[in-house]
Structure formats: structure tokens, C-alpha cells
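A.B. asks: What follows is a single structure, and I will ask about it in a moment.
In the working numbering, the protein residues as written are 474 to 690.
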């Protein structure tokens, strides 16, 4: 990895020192500048899903499309919003309501039998936001997936030479934030290496604080 964990830990501490005084709890963010990619080429538009070792402060909000027993298990398992076929069909053509619903969630999952319907009605809104659902068999236990998604961040560079993600908040332990940051760096480094990219710079900061630059090897 281009950055060692002790260096990340030191950057976390510096970012906390530079956060300033704010009444509201601040998120902790990572920015990774890369080089070697051509933003004009489709293959340089990269999406990376990273399952963090620690829940990033506020758990990711999950929208689950399901009917029947799977819907009940998803609801009991902690999914934030669960909607079935009837509700999906009711929203067809109502882009405003679909957008409002999608903005309430970070990640989505869908019963396999509903994937085509979800793609047709919700796809135009979910797709550009990088929130298309993962298919789930109707007989599956959704709890392990929901627990995993709570710790998963989806990062898109949207054709830019930079990746940004929320990896926690200022109340988390320094070591937890450093471990989350290291996981993001490792995954992005691995993903872009396949298309000729490499990491140029890494920064850590709170929402309103000054960034702490991480030394890259």
C-alpha cells in the first residue's frame, strides 16, 4: 500500500486538531487524488464498493425492495425503508416521489424477483447515483447483507481524478478512523491499478476542518 497505517493514524490526529469548534458532530472524510487515468474515457469512471471494518459513524441507510416473508425479515433485520411490488408500481411515473425516497437511503437491495421492475421504475434515478440494488433470493436471510451494507461505502470518481468518501465521524476512535481510511486506500489502489492509475495524494479532514495531508510513498 502507498500509505502505511501509522501515517494515516497521525493524519487522523492532525485532522481532529484542525477541526475547529462546531456545535454539530462533524463527519470524517477522505479525499484521494489519483493520476494515470483519462477522465474522458469511460473506463476511467470508476465505482468502488468498500466494506469498512468499522461502521462509519452514522450507519448507512438501507432501502430494501421486497415482498412477503423477505420483506418482514428485512424490516426486522434493520432495513430503514422496505417497499414491495404494489408500492413500486404505485410510484411509476412519479419521478419526484422516487427521488425523495432515494435521497433517504445510501444503499439498496432487492428481492431477485423484483429486480426487473425496480430497474424499470427506479433505475433512472438509482443508476446515476450509484445506488442500484443488489439482488437477494426470496429465501435468503437478509440480515448478514444488511449488517454488511451498514459498513459499506460506495465511492464514485464520476470521471474526475479524485475519490471522496465519508469514513466516520469525529467521535470515533483515532484507530478506527485510520483503519477505515486504510481500507478505502487499499481498495481504490487495487481498483485503479488495473487501468493504469495510481494514488497521487491522500487527505483526511472533518466536514468543516482543514485537511491533513498524508505522506504517500
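Built from N, CA and C at the ideal position, the CB exists for glycine as well.
#1: Buried or exposed: residue 664, going by 16 or more other Cβ atoms within 10 Å of its Cβ?
#2: To the nearest angstrom, how far is it from the Cα of residue 510 to the Cα of residue 519?
#3: Under the assumption that residue 555 contacts residue 548 (Cβ atoms under 8 Å), give the Cβ distance between them as a whole number of angstroms.
#4: Here's the rule I'm using: 16 or more other beta-carbon atoms within 10 Å means buried, otherwise exposed. How should residue 514 be labelled?
#5: Could you give the first and the last residue of the continuous beta strand (DSSP E) run that contains residue 507?
#6: Taking the alpha-carbon positions, what's the residue 591 to residue 620 distance?
#7: For the alpha helix (DSSP H) holding residue 565, just list the boundary residues, first then last.
#8: When burial is assigned at 16 or more other CB atoms within 10 Å of the CB, is residue 581 buried or exposed?
#9: Could you spell out where the alpha helix (DSSP H) holding residue 663 opens and where it closes?
#10: Quick check on this structure: which residue in 627, 497 and 614 has the alpha carbon closest to the alpha carbon of residue 550?
#11: According to DSSP, residue 639 sits in a beta bridge with which residue or residues?
#12: Report the residue from 516, 638, 595 and 608 whose alpha carbon sits nearest the alpha carbon of residue 575.
#13: Give the DSSP-derived three-state secondary structure of residue 573 in the structure shown.
#14: For residue 662, collect the residues of the same chain with a Cβ closer than 8 Å to its Cβ; drop the 5 residues on either side in sequence, then sort them by chain order.
#15: Closer than 7 Å by C-beta to residue 565: which residues in its own chain qualify, once you throw out the five before and the five after it? Chain order, please.
#16: Considering just the uninterrupted stretch of the alpha helix (DSSP H) at residue 487, what are its terminal residues?
#17: With burial defined as no fewer than 16 other Cβ atoms inside 10 Å of the residue's Cβ, what is the status of residue 524: buried or exposed?
C.D. replies: Straight from the coordinates:
#1: As a working note, residue 664 is residue 191 in the chain shown. Answer is buried; the Cβ neighbour count reaches 16.
#2: Reading the chain shown from its first residue, position 37 is the one you call residue 510. Reading the chain shown from its first residue, position 46 is the one you call residue 519. When rounded, the distance between both Cα atoms is 10 Å.
#3: Taking the first residue of the chain shown as 1, we reach residue 555 at position 82. Taking the first residue of the chain shown as 1, we reach residue 548 at position 75. About 5 Å; that satisfies the 8 Å criterion.
#4: For the purposes of this step, residue 514 is identified with residue 41 of the chain shown, where counting begins at 1. Classification for residue 514: exposed.
#5: As a position in the chain shown, residue 507 is number 34, starting the count at 1. Note, residue 507: beta strand (DSSP E), 500-508.
#6: Indexing the chain shown from 1 puts residue 591 at position 118. Indexing the chain shown from 1 puts residue 620 at position 147. Cα to Cα, the separation comes out at about 22 Å.
#7: Mapped onto the chain shown, residue 565 falls at position 92. Per DSSP, residue 565 belongs to no alpha helix (DSSP H) and is neither H nor E.
#8: Indexing the chain shown from 1 puts residue 581 at position 108. Buried is the call here.
#9: What you label residue 663 is simply residue 190 of the chain shown in a count that begins at 1. Counting along the chain, the alpha helix (DSSP H) containing residue 663 begins and ends at 647-666.
#10: Along the chain shown, one-based indexing puts residue 550 at 77. Closest option to residue 550, Cα to Cα, is 614.
#11: Along the chain shown, read from residue 1 onward, the residue named residue 639 stands at position 166. Per DSSP, 502.
#12: Numbered from 1 along the chain shown, position 102 holds the residue referred to as residue 575. Among 516, 638, 595 and 608, the Cα nearest to that of residue 575 is on 595.
#13: Here the question's residue 573 lines up with position 100 in the chain shown. Looking at residue 573 - three-state DSSP - the assignment turns out to be helix.
#14: Here residue 662 refers to the residue found at position 189 when the chain shown is read from its first residue. The beta carbon of residue 662 is closer than 8 Å to those of 474, 475, 671 and 672 in its chain, skipping five residues each way along the sequence.
#15: Sequence index remark: in the chain shown, residue 565 carries index 92 (1-based). Once the five neighbours on either side are set aside, the close Cβ partners of residue 565 are 594.
#16: Within the chain shown, the letter at position 14 stands for residue 487. Note, residue 487: alpha helix (DSSP H), 478-490.
#17: Working through the chain shown from its first residue, we reach residue 524 at position 51. Result: exposed.
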